[in-house]
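*Asks:* Next up is a structure, given as structure tokens.
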Amino acid sequence: MSKNLLLSIFMRLILFILFFFPVLLKAQTVCTLESRQRLDSALNMLSLQDHSQKSMNDLTIEIGTWFLNTPYVEKTLELPGEEKLVVNLMGLDCTTYLETVVSLAKTAKAGEFTFEAYTQELEKLRYRHGVNDGYSSRLHYFSDWIFQNEEKGILKDISKEIGGSVYENNPSFMTSNPKFYPQLSNPDYINQLKETESEIKSRKYYYLAKAEIMTHENKIKSGDLIAITTSMTNLDIVHVGFAIEKEGRIHLLHASSGSKKVEISEKPLSDYLMANKSQSGIMVSRLVALAN
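So in my numbering the end of the sequence shown lands on 1641, straight run, no missing numbers.
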């Protein structure tokens, strides 16, 4: 067998592995070739536009609609072994959809259109103190995600100022149900998450009850981050997405577990919540334009 033929077979094998299996692109970062190609395409499109006159809200909606009909896939972050920064644009759940879009918007506003710039934004958004320091450093509870990212200067929680009332927030679902989380076979992670749950309980949160959403809907803008609260006492947030205006009403742009894809809700946001007994209201956050 000739050296050229051997080289050709070897290169095809490498391409096969890269295409079908996750690739470690740098320490603790995982991305498939398909996701990398989609990310590079999005970054290239953003690099060709002038974003200086666009608000973060407008940019978020523009990017968010690029992902319409992307399949809903849950638990893409739950890989075995040490915590990895997962970059997956081919299958999204509600939280990874929101993080993907916000990270792309922040990358565009910063004027840096590289894979490295994007992953820095994603890591900063997804983890406590902006650094992947293991499983328990990931912001598992979304109310904590809101608080931590407000502390970083990325967003502002506007739930109170648009008419919200106090939200009793005492999440304990993860530490009460470790059987649902393979990583929680490690007792250290359980103890660390219990500390996080205690911190969340000690804070004061606000929300708009679902019966109040229509009254205050005119204060919500397209591109605002929507976190849906719950009547379940051991959970804080059950779903997230973006506000989007449609025919004069606020709807939800989100990765839906019902339709199994990214979509715009058929019903306005207030009606969407009224149809679900366990959904009690919303927290609303707004991205800050020039967060570092």
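Note that the Cβ used here is the ideal one computed from N, Cα and C, for glycine as well.
All values derive from a computational prediction rather than experimental measurement.
Enumerate in chain order the residues of its own chain whose CB-to-CB distance from Gln1377 is below 8 Å, with the five nearest sequence positions on each side excluded.
*Replies:* Closer than 8 Å at Cβ, skipping near neighbours: Glu1431, Glu1432, Lys1433, Leu1434, Asn1481.
*Asks:* With a 10 Å radius around its C-beta and 16 neighbouring C-beta atoms as the bar for buried, classify Glu1458 as buried or exposed.
*Replies:* Contrary to the premise, residue 1458 reads as Lys rather than Glu in this sequence. Buried.
*Asks:* Given that a residue counts as buried once 16 or more other Cβ atoms are within 10 Å of its Cβ, and exposed if not, what is Glu1427?
*Replies:* That one is exposed.
*Asks:* Quick one, are the C-beta atoms of Leu1438 and Ala1391 less than 9 Å apart?
*Replies:* Their beta carbons are under 9 Å apart, which means Leu1438 touches Ala1391 by this criterion.
*Asks:* Short of 6 Å in beta carbon distance, which residues of its chain neighbour Gln1541, apart from the five on each side in sequence? Order them along the chain.
*Replies:* If we look at Gln1541 and ignore the five residues flanking it on each side, its Cβ neighbours are Ser1485.
*Asks:* The alpha helix (DSSP H) that contains Gln1469, what's its start and end?
*Replies:* Element bounds for Gln1469: 1464-1475.
*Asks:* So, Met1623 versus Tyr1556, is the Cβ gap smaller than 9 Å?
*Replies:* Not a contact, by the Cβ cut-off of 9 Å.
*Asks:* According to DSSP, is Leu1441 helix, strand or coil?
*Replies:* Reduced to three states, the DSSP call for Leu1441 is strand.
*Asks:* Is the distance from the Cβ of Ser1627 to the Cβ of Asp1573 below 9 Å?
*Replies:* No, the Cβ-Cβ distance between Ser1627 and Asp1573 is not below 9 Å.
*Asks:* Consult DSSP for Pro1527 and reduce its assignment to one of helix, strand or coil.
*Replies:* Looking at Pro1527 - three-state DSSP - the assignment turns out to be helix.
*Asks:* Between His1400 and Glu1517, what straight-line distance do the alpha-carbon atoms span, to the nearest angstrom?
*Replies:* If I take the Cα positions, the gap works out to 39 Å.
*Asks:* What are the start and end residues of the beta strand (DSSP E) that includes Ile1538?
*Replies:* According to the sequence displayed, residue 1538 carries Tyr and not Ile. Tyr1538 -> not in any beta strand (DSSP E); alpha helix (DSSP H) instead, spanning 1536-1551.
*Asks:* Please report the straight-line C-alpha distance between Lys1595 and Val1436, rounded to a whole angstrom.
*Replies:* Going by the C-alpha atoms only, they are around 30 Å apart.
*Asks:* From Leu1395, Tyr1538, Arg1385, pick the residue whose C-alpha is nearest to that of Leu1488; which is it?
*Replies:* Taking only the C-alpha atoms, the option nearest Leu1488 is Tyr1538.
*Asks:* Here's the rule I'm using: 16 or more other beta-carbon atoms within 10 Å means buried, otherwise exposed. How should Gly1513 be labelled?
*Replies:* So Gly1513 counts as buried.
*Asks:* Which value, in whole angstroms, describes the spacing of the CA atoms of Thr1524 and Tyr1530?
*Replies:* Distance between the alpha carbons of Thr1524 and Tyr1530: 9 Å.
*Asks:* Should Pro1429 be labelled buried (16 or more other beta-carbon atoms within 10 Å of its own) or exposed?
*Replies:* Exposed, because fewer than 16 other Cβ atoms sit within 10 Å of the Cβ of Pro1429.
*Asks:* Counting Cβ pairs closer than 8 Å, one from the stretch 1560-1570 and one from the stretch 1613-1621, do we hit at least three?
*Replies:* The stretch 1560-1570 vs the stretch 1613-1621: in contact.
*Asks:* Anyone know if the C-beta pair for Ile1569 and Ile1511 falls short of 9 Å?
*Replies:* Result yes, Cβ atoms of Ile1569 and Ile1511 sit closer than 9 Å.
*Asks:* Look at the alpha carbon of Glu1472 and the alpha carbon of Ser1396, and state the distance between them as a whole number of angstroms.
*Replies:* Distance between the alpha carbons of Glu1472 and Ser1396: 21 Å.
*Asks:* Considering only their Cβ atoms, is the gap separating Ile1410 from Ala1575 smaller than 9 Å?
*Replies:* Residue identity differs from the one stated: residue 1575 is Ile in this sequence, not Ala. No, these two residues do not count as a Cβ contact at 9 Å.
*Asks:* Beta-carbon within less than 6 Å of Ile1507's beta-carbon, same chain only, minus the 5 sequence neighbours each way: which residues are those?
*Replies:* Same-chain partners within the cutoff: Val1633, Arg1635.
*Asks:* Between which two residues does the alpha helix (DSSP H) containing Asp1482 stretch?
*Replies:* Note, Asp1482: premise wrong, no alpha helix (DSSP H); not H, not E.
*Asks:* Tell me which residues share the same chain as Ile1577 and place their Cβ nearer than 6 Å to its Cβ, disregarding the 5 neighbours each side in the sequence.
*Replies:* Val1587, His1588, Gln1628, Ile1631, listed in sequence order.
*Asks:* Can you name the start and end residues of the alpha helix (DSSP H) that Phe1591 belongs to?
*Replies:* Counting along the chain, Phe1591 falls outside any alpha helix (DSSP H), though it belongs to the beta strand (DSSP E) covering 1586-1595.
*Asks:* What do you reckon, are the CB atoms on Asn1519 and Lys1550 nearer than 9 Å?
*Replies:* In contact: Asn1519 and Lys1550 (Cβ atoms closer than 9 Å).
*Asks:* DSSP beta-bridge partners for Lys1570?
*Replies:* Answer by DSSP bridge pairing: none, since Lys1570 is not bridged.
*Asks:* Tell me, which residues are paired with Lys1314 by DSSP?
*Replies:* Residue 1314 lies beyond the stretch modelled for the chain, which goes from 1350 to 1641, so this question has no answer here.
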